[in-house]
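Visitor:
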Amino acid sequence: LCVNGCGFYGTPQWGNRCSKCWREHQIAEKRSQDYAKNKTLLSFDSFQERRKMTTESRTLTIKKIFRSPSMLTSTSVSPSEKPVRSRQLSPDSMAAREVLTDFLVTNLSAAVLQEVTRQVMYAVAKIHELRVTPDELSELVQSFYQYLLDKLNQNPYFVQEKCKVKVEDVVEEVEKYICICCYNNLFCASSDEEVADLSLQERIRSLNWVTAGFLETKLDFTRQTVRDLLDDAIAEMIDINIHRRSDEKLECLVRCSHKIFEALKESGAPTSADEFLPVLIYVLLKGNPPLIQSNVKFISRFALPSRIMSGESGYFFTNLSCALQFVQDMNYASLKMEQSEFEAYTSGDLVPPLNMMSCGCNQVCYLSLSIHVSSVGKFETLSNRIDEVERKLSLFVAFSCFFLLNKLLFFGGFFQEQYSVLIV
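Here the working numbering = 1-based position in the sequence shown + 5.
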């Protein structure tokens with residue numbers, strides 16, 4: 006939980022703070038420092054944008070960036086301000102726009118729909134235009150979520166009986182749209198982060214020798230169902246990078262976590278947090294999911310706080326953050342082994358001894374052997390049943406022959422006696 010005692014989940018990457026407390030901590034630090042001239046200050050109330058074409062910097066506020074509907078509908082352009090250039094939408098962005106439009110048209114009045122649409126479109130345009138650091142962009146997007154949430158909460162439409170949705174539902178749809186349309190600007194926006202992700206992949210690759218035994222998990226790899234569930238969990242972890250929306254990435258993580266709990270249950274192990282985290286680390290090491298660190302940062306920066314501060318997705322996201330931190334800090338002491346041995350395994354100078362379940366081919370051989378043993382047992386059972394049927398059939402034939410012979414002898418004696426009487 007958050008070190009500030011707010012009751013929400015905290016992660017190691019945020020100094021064991023939740024996303025809300027982490028942003029407040031960042032704002033407090035920024036206010037106590039003097040920024041260099043080439044940096045841009047962004048906050049909930051105001052931020053500055055430096056333009057390359059001018060020598061003067063201009064202070065912009067959140068209210069000016071996310072303008073009122075009347076200002077956004079104006080067709081005139083101020084001489085001191087460049088018009089927003091229209092961008093050609095990708096197929097994913099067009100599909101997302103249709104989904105958002107259908108939702109707004111179905112659930113909102115015309116006036117509210119117009120207000121939300123204009124502000125969202127302008128916010129998306131600004132995200133494409135701004136050239137700021139990922140953390141500053143995160144602060145901007147989160148400020149917009151809060152700004153839109155506060156503005157809609159003040160709208161009397163949402164307290165009317167005819168209103169079909171909550172304000173939170175509208176903001177969630179807006180978040181989905183922004184994540185898709187601005188994905189290229191929001192995801193892995195810094196080259197340094199891309200380098201860090203590649204470094205983490207190399208790190209995980211060097212730790213591929215770490216098995217479930219080193220992590221002291223209680224998984225029963227002799228059971229095929231357990232291995233299948235772990236494969237499904239790894240697939241879900243890898244699929245996180247496929248999706249653009251933060252909620253879809255979190256859904257993959259939730260499904261992955263459920264598969265892990267099912268594997269623990271099939272193994273007869275306790276389905277507790279103490280057993281879950283080591284298996285999650287194992288899945289992370291074996292799957293080596295692409296750009297996993299950037300995906301975690303994307304979720305923490307641009308997902309709605311409600312998704313990662315509480316609830317099931319928040320709990321699993323916190324565990325994933327802890328698992329990543331453990332992998333980055335993993336050393337010989339973490340695995341309770343000698344330093345020289347750990348370094349030899351990591352560098353590839355020493356290959357860990359194989360056991361029956363340490364590689365895929367051995368698992369296949371073990372499965373084939375199990376199937377063979379099972380088939381032999383079934384064949385022996387079938388053979389015994391056939392012998393039993395043959396024995397019963399032999400007894401039946403012998404009894405039938407004996408019964409038929411007795412009948413023939415009986416009727417033979419009877420006819421002979423009758424024939425003798427007739428002769429007399």
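Beta carbons: idealized from backbone N, C-alpha and C, even for Gly.
Contact check, residue 154 vs residue 125 under 8 Å by CB: the rounded distance?
Guide: With a Cβ gap of about 13 Å, residue 154 and residue 125 do not count as contacting.
Visitor: Quick check on DSSP: helix, strand or coil for residue 108?
Guide: It is helical.
Visitor: For residue 241, count neighbouring Cβ atoms within 10 angstroms of its own Cβ and tell me buried if that reaches 16, exposed if not.
Guide: The residue in question, residue 241, is buried, as its Cβ has 16 or more Cβ neighbours within 10 Å.
Visitor: So, at 8 Å on beta carbons, what are the nonlocal neighbours of residue 234 in its own chain, with the 5 sequence-adjacent residues on each side left out?
Guide: Closer than 8 Å at Cβ, skipping near neighbours: 264, 265, 267, 268 and 271.
Visitor: Roughly how many angstroms separate the alpha carbons of residue 208 and residue 243, rounded to a whole number?
Guide: So the two alpha carbons sit approximately 17 Å from each other.
Visitor: Kindly indicate which three-state DSSP category residue 263 falls into: helix, strand or coil?
Guide: The answer is helix: DSSP assigns residue 263 an H, G or I state.
Visitor: Quick check: the region 163–170 against the region 188–201, are at least 3 beta-carbon pairs closer than 8 Å?
Guide: Counting Cβ pairs under 8 Å, fewer than three are found: no touch.
Visitor: Tell me the rounded alpha-carbon separation between residue 357 and residue 140.
Guide: Spanning the two alpha carbons is a distance of roughly 41 Å.
Visitor: Mind checking which residues open and close the alpha helix (DSSP H) that includes residue 333?
Guide: Run containing residue 333: 316–334, per the alpha helix (DSSP H) assignment.
Visitor: Exposed or buried, what is residue 388 when buried is set at 16 or more other beta-carbons lying within 10 Å of its beta-carbon?
Guide: When all chains shown are included, residue 388 counts as exposed.
Visitor: May I have the straight-line CA-CA distance separating residue 238 from residue 136, to the nearest angstrom?
Guide: Going from the Cα of residue 238 to the Cα of residue 136 covers about 37 Å.
Visitor: Whole angstroms are fine: how far does the CA of residue 355 sit from the CA of residue 236?
Guide: Roughly 27 Å between the two C-alpha positions.
Visitor: Contact between the region 215–224 and the region 273–290: three or more CB pairs below 8 Å?
Guide: Contact holds: three or more Cβ-Cβ distances are below 8 Å.
Visitor: For the region 195–202 and the region 141–148, state whether three or more C-beta atom pairs, one from each stretch, are separated by less than 8 Å.
Guide: With a cut-off of 8 Å, the region 141–148 and the region 195–202 do not count as touching, because too few Cβ pairs lie within range.
Visitor: According to DSSP, simplified to helix, strand and coil, what is residue 276?
Guide: The answer is coil: DSSP assigns residue 276 none of H, G, I, E or B.
Visitor: If you measure between the beta carbons of residue 193 and residue 258, is that distance less than 8 Å?
Guide: Contact flag unset, no.
Visitor: Give me the Cβ distance between residue 254 and residue 293, rounded to the nearest whole Å; I'm assuming they're in contact under 8 Å.
Guide: The pair is not a contact, with the Cβ atoms about 17 Å apart (cut-off 8 Å).
Visitor: Smallest Cα separation from residue 231: which of 288, 205, 108 and 145?
Guide: The candidate whose alpha carbon is nearest that of residue 231 is 288.
Visitor: Residue 261: buried (16+ other C-beta within 10 angstroms of its C-beta) or exposed?
Guide: Buried: at least 16 other Cβ atoms inside 10 Å.
Visitor: So the candidates are 146, 340 and 218; which of them puts its Cα closest to the Cα of residue 128?
Guide: Residue 146 is the option with its Cα nearest to residue 128.
Visitor: Does the distance from the C-beta atom of residue 312 to that of residue 318 stay below 8 Å?
Guide: Against a cut-off of 8 Å, the Cβ pair of residue 318 and residue 312 comes out as a contact.
Visitor: State the CB to CB distance for the pair residue 298 and residue 329, rounded to an integer number of angstroms; the pair is presumed to be in contact (CB under 8 Å).
Guide: Right, the Cβ-Cβ distance comes to about 7 Å (below 8 Å), so this counts as a contact.
Visitor: Please list, in chain order, all residues of the same chain as residue 332 whose beta carbon is under 8 Å from its beta carbon, the five residues on each side excluded.
Guide: Cβ neighbours of residue 332 beyond the five flanking positions: 205, 208, 209, 212, 286, 289 and 290.
Visitor: Quick check on DSSP: helix, strand or coil for residue 357?
Guide: Three-state DSSP puts residue 357 in coil, outside helix and strand.
Visitor: Check the C-beta distance from residue 102 over to residue 184 and give it rounded, since I have them as a contact under 8 Å.
Guide: Not really, about 13 Å apart at Cβ, beyond 8 Å.
Visitor: Should residue 215 go down as buried or exposed, given a rule of 16 or more other Cβ atoms within 10 Å for buried?
Guide: Residue 215 is buried by the Cβ-count criterion.
Visitor: Quick check on the DSSP output: the alpha helix (DSSP H) that includes residue 243 runs from which residue to which?
Guide: Residue 243 -> alpha helix (DSSP H) spans 229–244.
Visitor: By how many angstroms is the C-alpha of residue 248 removed from the C-alpha of residue 276?
Guide: Cα to Cα, residue 276 sits roughly 28 Å from residue 248.
Visitor: How many Å lie between residue 383 and residue 376 at the Cα?
Guide: Computed Cα separation, rounded: 10 Å.
Visitor: Which residue comes first and which comes last in the alpha helix (DSSP H) that contains residue 123?
Guide: Its alpha helix (DSSP H) spans residues 115–134.
Visitor: For residue 148, does the count of other Cβ atoms within 10 angstroms reach 16, so buried, or fall short, so exposed?
Guide: Residue 148 comes out buried.
Visitor: Is it the case that the Cβ atoms of residue 337 and residue 343 are separated by a distance below 8 Å?
Guide: Contact flag set, yes.
Visitor: Tell me where the alpha helix (DSSP H) around residue 306 begins and ends.
Guide: Residue 306 -> alpha helix (DSSP H) spans 297–307.
Visitor: Let's see if you can read the secondary structure: which residues bound the alpha helix (DSSP H) around residue 174?
Guide: Residue 174 -> alpha helix (DSSP H) spans 172–186.
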